[in-house]
Amino acid sequence: MSRNVLVTGGAGYIGSHVCVELMQQGHQVVVIDNLDNGSPVALQRVEQITGKRLRFIQADVRDQVAVQSALVEHGVDAVIHFAALKAVGESVARPLAYYDNNLNGAISLLRAMQGAGVTDLVFSSSATVYGDPRSNPISEDFPLRATNPYGRSKLMIEDMLRDLGAAEPNWNISILRYFNPAGAHPSGLIGEHPSGVPNNLMPYIAQTASGLRDCLAVFGDDYPTRDGTGVRDYIHVVDLARGHLSALARLAQHPGVIIHNLGTGTGYSVLEIVAAFERACGMPIPYRMESRRPGDIAECFADPSLARAELGWSAQLDLAAMCADSWRWQQANPQGYPDPS
Ligand code: NAD
Ligand code: UD1
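Numbered per this note's numbering, the sequence shown spans residues 7 to 347.
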C-alpha cells in the first residue's frame with residue numbers, strides 16, 4: 007500500500023536513508039527539517055538516487071502550526087520521527103537544549119498529529135535506554151535506565167508514547183531501539199559527516215583513513231571483552247532504514263505501542279572494526295590506546311529475534327559492507343555535503 011509519509015529530520019543521516027527506501031517502495035515523502043544538523047543537498051541526492059521527487063519544508067518540529075498544516079496539506083497518513091539532537095556529551099553540557107528540542111519537539115509533533123487526525127507513528131529510540139545492561143544479548147524486556155540527558159530524553163518520549171497509546175487506543179506506534187548505525191548508501195551519495203570532531207567510532211575511523219585525523223584514540227583496552235576494547239552491535243544504515251519500512255507496514259496489524267530492537271545480534275570490538283576498515287580501504291589505520299571514555303560500557307549487542315518474528319525484518323548487510331560503503335562515501339565527500347548555495 008502506497009502511503010503519504012512525513013519524515014521529520016529527513017535531511018539527516020538516518021532519515022535520508024529512510025527517504026530513499028520509502029520512495030523506492032512507492033511511498034510519497036514529505037520532509038520537515040530545520041537543517042540544524044541536516045543538509046538540503048542530502049535531499050537532492052535522495053532524489054538523484056531514486057529518480058523521484060519529495061517535498062521539503064524547512065521548519066522546526068516545535069512549530070506545531072507548521073507541522074499540522076503540512077500534515078493536512080499533504081494528506082499525510084503516517085509519520086516517522088527522527089528530528090532530535092543526539093550527541094551524548096553535548097547533552098550533558100547543554101541539558102536544557104536537549105530536553106527542549108527532543109521533548110518539546112515530540113509533544114508538538116504528537117499534538118499536530120492529533121489535530122490532523124494522523125495516528126500512525128514510527129519513533130527513533132536508542133539502545134542507550136538500556137544503560138549498562140546486566141547481560142548480552144539485550145532483549146526488549148530488559149530494564150530501562152538512561153544515564154545521560156540524551157538517553158533520558160529518549161526514555162521520556164518512550165514513556166509518553168506508552169501513556170498516549172494507553173489513553174488513545176486508536177494510535178499505532180512503533181518504537182525502534184537502534185543499536186550502532188554505521189555505513190552509508192552504496193551509491194556513495196548519502197552518508198554521515200558529523201560536524202566537528204566525530205564522537206562515534208566509524209566516522210572517526212573513516213576520517214582517519216582519509217587523512218583528516220592523524221590517529222584514532224581507542225578508549226580503553228581493559229574491558230572484560232575478548233581483546234579488552236569495547237564491543238558494540240554495528241548495523242548498516244540501509245538495513246536500519248529497511249527496518250522502518252517493515253515497522254510501518256506492520257503498524258495496522260499491531261495496534262497500540264510496539265517496541266523492537268534494530269540490531270544485527272553480533273558484537274564487534276573496536277580493534278575488529280579497525281581491522282575490517284583497514285581491509286576495506288587497503289591502508290593501515292593508525293591508532294593508540296587511551297583510557298576509558300567516561301560513561302562507556304564494555305559490551306552491548308541486541309537480541310534481534312522479536313523484530314524478525316513480528317516485523318519480518320533482519321539485518322542482511324555485514325561489517326565488510328558497512329566499512330566499504332562508509333569508505334566510498336568518505337572518499338567521495340571528504341568534507342561532507344557541499345554548501346548548497
Ligand atoms: P542527524 O542529526 O543526522 O539527523 C537529525 C535531523 O533532525 C537533522 O537533519 C536535524 O537538522 C533535524 N532536526 C533536529 N532537531 C530538529 C527540530 N527541532 N526540528 C526539525 N528538524 C530537526 O541524526 P541521525 O543520526 O540521523 O539520528 C536520527 C534519529 O535517530 C535521532 O532521533 C537520534 O536520536 C536517533 N538515533 C541515532 C543514532 C545514531 O547513532 N545515529 C542511534 C540511536 C538513535
Ligand atoms: C554512543 C553513545 C550512545 C549512542 C551511540 C550510537 C556515548 C557515551 N554513547 O555510544 O548513547 O546511542 O553512540 O549513536 O557517547 N571509541 C573509541 N574511539 C573513538 C570513538 C569510540 O575507542 O574515537 C569506542 C567506544 O569506546 C566504544 C565504541 O568505540 O567502545 C563505539 O563508540 P561509539 O561509536 O561512540 O558508540 P557508543 O559508545 O555505543
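The beta-carbon is built from N, C-alpha and C at its ideal position, and this holds for glycine as well.
Do residue 20 and ligand 1 come close, with the Cβ less than 6 Å from some heavy atom?
yes
Burial state of residue 8, where buried means 16 or more other Cβ atoms lie within 10 Å
exposed
Tell me the DSSP bridge mates of residue 223?
294
Can you tell me whether DSSP reads residue 267 as helix, strand or coil?
strand
If you draw a straight line from the C-alpha of residue 327 to the C-alpha of residue 191, how long is it?
10 Å
Under a three-way DSSP split, which group does residue 39 fall into?
strand
Would DSSP call residue 275 helix, strand or coil?
strand
From the DSSP secondary-structure annotation, give me the bridge partner or partners of residue 187.
241
In whole angstroms, what is the alpha-carbon distance linking residue 318 and residue 252?
7 Å
Write down the C-beta distance between residue 26 and residue 47 rounded to the nearest angstrom, noting that I regard them as a contact closer than 8 Å.
The pair is not a contact, with the Cβ atoms about 14 Å apart (cut-off 8 Å).
Please confirm whether residue 325 and residue 255 have their CB atoms less than 7 Å apart.
no
Cβ of residue 42 within 6 Å of any heavy atom in ligand 1?
yes
Flag this pair as yes or no: are the beta carbons of residue 269 and residue 209 separated by less than 7 Å?
no
Just verifying my parser: in three-state terms, what is the DSSP assignment at residue 137?
coil
Could you check whether the segment 167-175 touches the segment 218-231, counting it as contact only if at least three pairs of C-beta atoms, one from each stretch, sit closer than 8 Å?
no
Looking at residue 339 and residue 308, is the spacing between their C-beta atoms short of 7 Å?
no
Taking 6 Å as the cut-off, is the beta-carbon of residue 130 closer than that to any non-hydrogen atom of ligand 1?
yes
For the segment 284-298 and the segment 196-206, state whether three or more C-beta atom pairs, one from each stretch, are separated by less than 8 Å.
no
Closer than 6 Å to a non-hydrogen atom of ligand 2 - does that hold for the CB of residue 210?
yes
I'd like to confirm the pairing. Which residues does DSSP put opposite residue 129 in its beta bridges?
87 and 181
For a minimum of 3 consecutive residues, which ranges assigned as the beta strand (DSSP E) are wholly contained in the segment 19-69?
34-39 and 61-64
Helix, strand or coil: which one does DSSP assign to residue 153?
coil
If you compare alpha carbons, which of 86, 300, 23 and 77 is closest to residue 189?
23
Counting only the same chain and skipping the five closest in sequence on each side, list residues whose C-beta sits under 7 Å from that of residue 263.
167, 168, 171, 179 and 181
Relative to the C-alpha of residue 177, which residue among 95, 305 and 120 is closest?
120
With three or more beta-carbon pairs closer than 8 Å as the criterion, would you say the segment 63-76 touches the segment 27-42?
yes
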